[in-house]
Amino acid sequence: MIEFYKVTSQELEFWLKAEGEPLFRKKQIFDWVYQRSVTDWDLMTNLSTELRQKLKSNFRLSTMELVRESESDDGETTKFLWRLREGTYVESVLIRSDKRRTVCVSSQVGCPARCAFCASGQKGFVRNLTSFEIVEQIIQINQYLAEQGERVTHVVYMGMGEPLKNYNAVVASIRQISHEEMLNLSQRRITVSTVGIIEGIRRLTKENMQVNLVFSLHAPNQQVRKKIIPYARKYPLDEIIDGIEEYARHTKRNATYEYILIEGINDELKHADELCELLKGKQCAVNLIPYNPVPGVRLKRPKTKAIKHFMYILRKNRLTVTCRYTKGDDIAAACGQLALQEEIECDQKAS
Ligand code: SF4
């Protein structure tokens, strides 16, 4: 059985020809699957019964089961917890902001990066998601949004996992999401976030895509980075920044640096000064994110005064800065939190 969201336009044409079916069927099938988000072959009523039967016995349309859907008190954030076929969990988050409907997708089950501040990091790495499973998160959320006459408008690879450690599946999924016959989202509306996997950044630069790249910097120097990001021991900061700059030049897209502010770790004024020095003269934006506490992690969010002061120094040095509070704190919307909760609950039930 082949996972359908992996099938390219050419491959479907080839299959239809081999089955003696006319090629106009391709458009009908893609329309049901990608535009109408239908995940049951039997519901595709303009296809012949025979073709539906053939599709059913050759292609799988859904592999994830929705376990829990939680909405934040302000209604702006909805978190979806999915159970995969082997019983592990991943999550996606839908963020509503004006007309934007952004989905934050997971790219792995758990994460090999093990960042000190992250729930996914605590889980360790279980497996890579397939491109099919990444695309299915968007299809299922489109199905959910269709009830309100809406669709996903933006996709960010910022959920569970380090996307560039699952390079092939992530790039394949971006191609499916942006393909005009499939989900048809502009690549400029797709953002990949990385903790700094140099070889992945270099490969992505050569793909000739237009996706936005966000670097999870989180520290103004290698020494502080190593304390909270284990991969910093492998990837030198100056080489990562060179790679990010090269990507920005090549794609003509500004780089974004994310910086989670953690009390007593990276939030002091000397850190702000050092960050200004590090990013001086670069075409970039800095996104400050006050830390969102994760159960079992003894790190704290800085006081509001410290956050404002940090931001003030960056602005004074003419950096473009935004400060983003994690949306959906009340539904554990920091990456990996809901899946971690589910596993703890399942472990407790089992013991
Ligand atoms: S912050 Fe991102 S890269 Fe780091 S452990 Fe969490 S999911 Fe992985």
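One rule links them: number in my numbering = place in the sequence shown (from 1) + 6. Glycine residues also receive a C-beta, built at the ideal position from the N, C-alpha and C atoms.
Buried or exposed by the 16-neighbour rule on C-beta atoms within 10 Å, applied to residue i
| i | result |
| --- | --- |
| ASN190 | exposed |
| TYR331 | exposed |
| PRO308 | buried |
| ALA339 | Because ALA339 sits at a pLDDT of 49, beneath the cut-off of 50, its placement in the model cannot be relied upon, and the following sentence gives the value as read from the coordinates. When all chains shown are included, ALA339 counts as buried. |
| MET7 | exposed |
| LEU49 | exposed |
| TYR318 | exposed |
| HIS256 | exposed |
| ALA225 | buried |
| THR197 | buried |
| GLY116 | buried |
| GLN229 | exposed |
| GLN182 | buried |
| ARG321 | exposed |
| ARG231 | buried |
| GLU92 | exposed |
| THR262 | buried |
| LYS311 | exposed |
| ASN148 | buried |
| GLN114 | buried |
| GLN354 | Confidence is the limiting factor: at GLN354 the pLDDT is only 42, short of 50, which leaves the residue's position unreliable, though a coordinate-based value still follows. Exposed: under 16 other Cβ atoms inside 10 Å. |
| ASP273 | buried |
| GLU25 | exposed |
| PHE20 | exposed |
| LEU18 | buried |
Contact test: residue i Cβ vs the ligand SF4 heavy atom, cutoff 7 Å
| i | result |
| --- | --- |
| VAL327 | no |
| GLY167 | yes |
| VAL201 | yes |
| CYS124 | yes |
| ARG239 | no |
| CYS110 | no |
| ALA119 | yes |
| SER98 | no |
| GLY302 | no |
| GLY93 | no |
| GLY127 | yes |
| SER192 | no |
| SER222 | yes |
Rounded separation between residue i and residue j - CA only
| i | j | result |
| --- | --- | --- |
| MET188 | TYR40 | 5 Å |
| PRO296 | LEU281 | 16 Å |
| ILE145 | ASP279 | 44 Å |
| ASN172 | ILE180 | 12 Å |
| GLU186 | THR108 | 19 Å |
| SER63 | GLN34 | 18 Å |
| SER126 | MET166 | 6 Å |
| LEU87 | ASN298 | 19 Å |
| GLU168 | GLU27 | 41 Å |
| ARG42 | GLN128 | 37 Å |
| LEU219 | ILE250 | 8 Å |
| GLY81 | LYS23 | 47 Å |
| ILE350 | PRO301 | Because ILE350 carries a pLDDT of 40, less than 50, the predicted location of this residue cannot be relied on, and no value is offered for it. |
| VAL141 | TYR11 | 7 Å |
| LYS233 | THR45 | 44 Å |
| LEU72 | ARG106 | 23 Å |
| HIS358 | ARG195 | Residue coverage of the chain in this structure runs from 7 to 357, which leaves residue 358 outside it and unanswerable. |
| ALA122 | TRP47 | 44 Å |
| PHE221 | PRO242 | 13 Å |
| TYR95 | ARG133 | 11 Å |
| SER192 | LYS240 | 33 Å |
| THR83 | SER103 | 9 Å |
| GLY342 | LYS85 | Because the pLDDT of GLY342 is 47, which lies under 50, any placement of that residue in the model is unreliable, and the number read from its coordinates should be weighed accordingly. Distance between the alpha carbons of GLY342 and LYS85: 11 Å. |
| HIS277 | VAL162 | 28 Å |
| GLU269 | ILE235 | 16 Å |
| GLU275 | PHE316 | Glu is not the amino acid found at residue 275; the sequence shown has Leu there. Cα to Cα, LEU275 sits roughly 6 Å from PHE316. |
| TYR237 | ASN227 | 14 Å |
* With a cut-off of 8 Å, do at least 3 Cβ pairs link the segment 169-188 to the segment 135-145? -> The segment 135-145 and the segment 169-188 touch, with three or more beta-carbon pairs separated by less than 8 Å.
* To do: Please confirm if the segment 203-210 is in contact with the segment 246-253, defined as three or more CB-CB distances below 8 Å between the two stretches.
  => Judged by Cβ distances under 8 Å, the segment 203-210 makes contact with the segment 246-253, as three or more pairs qualify.
* Three or more beta-carbon pairs under 8 Å between the segment 50-67 and the segment 146-158, yes or no? -> No, the segment 50-67 does not touch the segment 146-158.
* Quick check: the segment 67-76 against the segment 208-216, are there 3 or more CB pairs under 8 Å? -> Under the 8 Å Cβ criterion, the segment 67-76 does not count as touching the segment 208-216, having fewer than three qualifying pairs.
* Pairing CB atoms from the segment 319-328 with CB atoms from the segment 281-294, are three or more of them under 8 Å? -> Counting C-beta pairs closer than 8 Å gives three or more between the segment 319-328 and the segment 281-294, which meets the contact rule.
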